[in-house]
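Numbering (our numbering), first residue to last: 8 to 268. All C-beta atoms in this analysis are idealised placements derived from N, C-alpha and C, irrespective of residue type, glycine included. Data block below; observations after.
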Amino acid sequence: MSGKEPLDQELARALALALEAERLFGIEELPRGPLVAAPAEPAIEPEAEPARPEPAATPSASVAREGAAPVALAELADRIAACRDCRLAETRCRTVPGQGAAPARLMFVGEAPGADEDQSGLAFVGRAGQLLGKMIQAMGLEREQVFIANILKCRPPENRRPQPDEVGACFHHLLDQIDLVNPELICALGATAAGNLLERQDGIGRLRGRVFDFQGRKLVATYHPSYLLREPAKKREAWEDLKLVMRLLGLEAPPAPDRRA
Ligand code: SF4
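Next comes the structure, spelled out in structure tokens:
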């Protein structure tokens, strides 16, 4: 083997990643920086989260550890459907508990359901959800391999920002879900999700690109797909965040795209 081959392999891998992101995720130009993947990086240690009281143990959590997460998640969805703990119960059409694999190594958490989600009862099915699907595909995964949820399980009227008392009333549902899905890594989509999970007021620009600890799990924040639809130039940074997620999970680079298609 010549000494040049590893470099060629690294170049091919980085090019495949860039082309796949371009094709699947809508990034319209290749990275301007060197295409050669960075040398092996030291292990990334999560930043410590602020002290937070441990959530009370729930019956569903113990079931998850026994490998019955889907059943327990269905029971949790029933509890959410019956929940009227905040004013959003008055205006919702359907509750949107979230969906996907359980257990799953990767869990995405967004802000709140929108109009399409309110009608369907499924998380991330509108335009932003379609973009999230492309982001997941660009990582070499399928939606069915991850779990997707929101901080709130009911739509705020006119898609306004969740109010603190609504988040406070709903957060235990998400904590139960996280316990059941048992992800190694949570990818927080947008400032509302990241800020509430980390109990920080920083904008998403300061939170993204870093690795935090959330109750013993890694947490990476990136832009919400709705924001990326409005600001497509930010897709490049979002792709950097997703590559960080891939590195942390030890995921292989996606296969090179078929350029004849
Ligand atoms: S948003 Fe959460 S707390 Fe409020 S009614 Fe819906 S499920 Fe209950």
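Worksheet item: Going by the beta-carbon positions, is the gap between D209 and V227 smaller than 8 Å?
Response: As a working note, residue 209 is residue 202 in the sequence shown. As a working note, residue 227 is residue 220 in the sequence shown. Not in contact: D209 and V227 (Cβ atoms no closer than 8 Å).
Worksheet item: For I193, does the three-state DSSP call read helix, strand or coil?
Response: To locate residue 193, count along the sequence shown from 1; it is residue 186. Three-state result, I193: strand.
Practice prompt. Excluding the 5 residues preceding and the 5 following Q137 in the sequence, name in chain order all residues of the same chain whose CB lies nearer than 6 Å to its CB.
Written response: If you number the sequence shown from 1, residue 137 lands on position 130. Once the five neighbours on either side are set aside, Q137 has no close Cβ partner at all.
Discussion item. Can you determine whether any heavy atom of the ligand SF4 sits closer than 7 Å to the C-beta of C100, and answer yes or no?
Written reply: Translated into the one-based positions of the sequence shown, residue 100 becomes position 93. No - the ligand SF4 has no heavy atom lying nearer than 7 Å to the Cβ of C100.
Discussion item. Is it buried or exposed, T229, if we count other Cβ atoms within 10 angstroms and call 16 or more buried?
Written reply: Taking the sequence shown and counting its residues from 1, the one referred to as residue 229 is at position 222. If you draw a 10 Å sphere on the C-beta of T229, you find 16 or more other C-beta atoms in it, and that means buried.
Fill in: Own chain partners of L83 with C-beta closer than 8 Å, once the 5 adjacent residues on each side are dropped
Within the sequence shown, the letter at position 76 stands for residue 83. Taken in chain order, the residues that qualify are S67, P104, H180, D183, Q184 and L187.
Worksheet item: If we call anything under 8 Å between Cβ atoms a contact, is A119 one with N157?
Response: Against the sequence shown, residue 119 aligns to sequence position 112. Against the sequence shown, residue 157 aligns to sequence position 150. Their beta carbons are under 8 Å apart, which means A119 touches N157 by this criterion.
Discussion item. If you reduce the DSSP assignment to three classes, tell me which class K250 lands in.
Written reply: What you label residue 250 is simply residue 243 of the sequence shown in a count that begins at 1. Helix, per DSSP.
Discussion item. At 3 residues or longer, what runs of the beta strand (DSSP E) sit wholly inside the stretch 94-170?
Written reply: Runs of the beta strand (DSSP E) inside the stretch 94-170: 113-117 and 154-157.
Worksheet entry | Assumed close pair A88, T102 - CB separation to whole angstroms, cut-off 8 Å | Residue 88 sits at position 81 when you count from the first residue of the sequence shown. Residue 102 sits at position 95 when you count from the first residue of the sequence shown. Taking C-beta atoms under 8 Å as the contact rule, A88 and T102 qualify, at a distance of about 5 Å.
Worksheet item: Looking only at DSSP bridge pairs, what is F221 linked to?
Response: In the sequence shown, counting from the first residue as 1, residue 221 sits at position 214. Beta-bridge pairing links F221 to R224.
Discussion item. So, does the stretch 159-172 touch the stretch 207-224, judging by three or more C-beta pairs under 8 Å?
Written reply: As far as the Cβ criterion goes, the stretch 159-172 does not touch the stretch 207-224, which means the pair count is below three.
Discussion item. DSSP three-state label for R237, please.
Written reply: By 1-based counting over the sequence shown, the position of residue 237 is 230. Of the three classes helix, strand and coil, the one that applies to R237 here is helix, per DSSP.
Discussion item. Are the CB atoms of P232 and L139 within a distance shorter than 8 Å?
Written reply: Locating residue 139 in the sequence shown gives position 132, counting from the first residue. Locating residue 232 in the sequence shown gives position 225, counting from the first residue. In contact: L139 and P232 (Cβ atoms closer than 8 Å).
Worksheet item: Short check: CB of G117 to CB of A200, under 8 Å?
Response: Residue numbering aside, residue 117 sits at position 110 when the sequence shown is read from its first letter. Residue numbering aside, residue 200 sits at position 193 when the sequence shown is read from its first letter. Yes; because the gap between Cβ atoms is below 8 Å, this pair is in contact.
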